[in-house]
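The block underneath contains the structure these notes are about, expressed in structure tokens.
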Amino acid sequence: MTLAAGILVGGLALAGCAAERDPIPTPSSDAPVDPVEQPRVTPGVVPEFVEGGTAAENLDYFALRLDALLAQNASPSSRELVDELVSSGFDRAAMEVTADTTPTGMQADSILVAVRVGEDCLLGQVADGAAVADDAAALSTGRCLVGRTLSLDW
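Under numbering that gives the first Met the number 0, the first residue of the sequence shown carries the number 0, and numbering increases by one thereafter.
Shown next as structure tokens:
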């Protein structure tokens, strides 16, 4: 069972335990519209690695490095993701990455990679030739990812 399937099954199980509640209100046409999220990167400015910086300060650079790798290889391995981030200045000892193959030897649908930066984490997911990156607080365990990750002993 993939991580996504496990989360979905768990979520549905918990939803079945939830008490009945009022239906979600339908927004009226007079309701304010949320603004469109603006890009984080200023056009024409290339993000740079901020040595000793926070996860938020390095998020755009982290995303840029994932995108650069995907431009060369739409299906990178877990090792290639880690090696790209290490060569870009991120600390290997602070990284976690999921496997690029399933226990049955099939290619994983996606790979998660994370870098612990202080009390926060840079989180990346690579799937179908695209990457998504964000930053978030580290888990109470001190880790960034839930579940099994690879040993980075190469």
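Positions of the beta carbon are idealized from the N, C-alpha and C atoms, including for glycine. None of the values given here were measured: they were computed from a predicted structure.
Item	Value
Judging by CA-CA distance, which residue of T101, L144, T148 and T103 is the nearest neighbour of L122?	L144
Could you tell me which of T97, V114 and V112 sits nearest to Q106, measuring between CA atoms?	T97
Just reading off the beta strand (DSSP E) that L122 is part of, what are its end residues?	D119 to A126
Less than 7 Å between C-beta atoms, sequence neighbours within five positions excluded: which residues of the same chain meet that for T53?	V116, G117 and D119
Determine the direct distance from the alpha carbon of E50 to that of D82, and round the result to whole angstroms.	18 Å
Taking 8 Å as the cut-off, does the stretch 144-153 touch the stretch 126-136 (at least 3 CB pairs, one atom from each stretch)?	no
What residue range does the alpha helix (DSSP H) around E95 cover?	It is not in any alpha helix (DSSP H) - E95 instead sits in the beta strand (DSSP E) that spans M94 to V96.
Assuming D59 and P42 are in contact, meaning their beta carbons sit under 8 Å apart, how far apart are those beta carbons, in whole angstroms?	That belief does not hold up - the Cβ atoms of D59 and P42 are roughly 12 Å apart, past 8 Å.
Taking only beta-carbon atoms, is L111 less than 8 Å away from chain B?	Within the model displayed, chain B is absent; a lone protein chain is all it includes.
In this structure, what does DSSP give as the bridge partners for L111?	Q124
Less than 8 Å between C-beta atoms, sequence neighbours within five positions excluded: which residues of the same chain meet that for S77?	V96, T97, A98, D99, I110, V112 and L149
For the alpha helix (DSSP H) containing V44, name the first residue and the last one.	No alpha helix (DSSP H) contains V44, which DSSP labels as neither H nor E.
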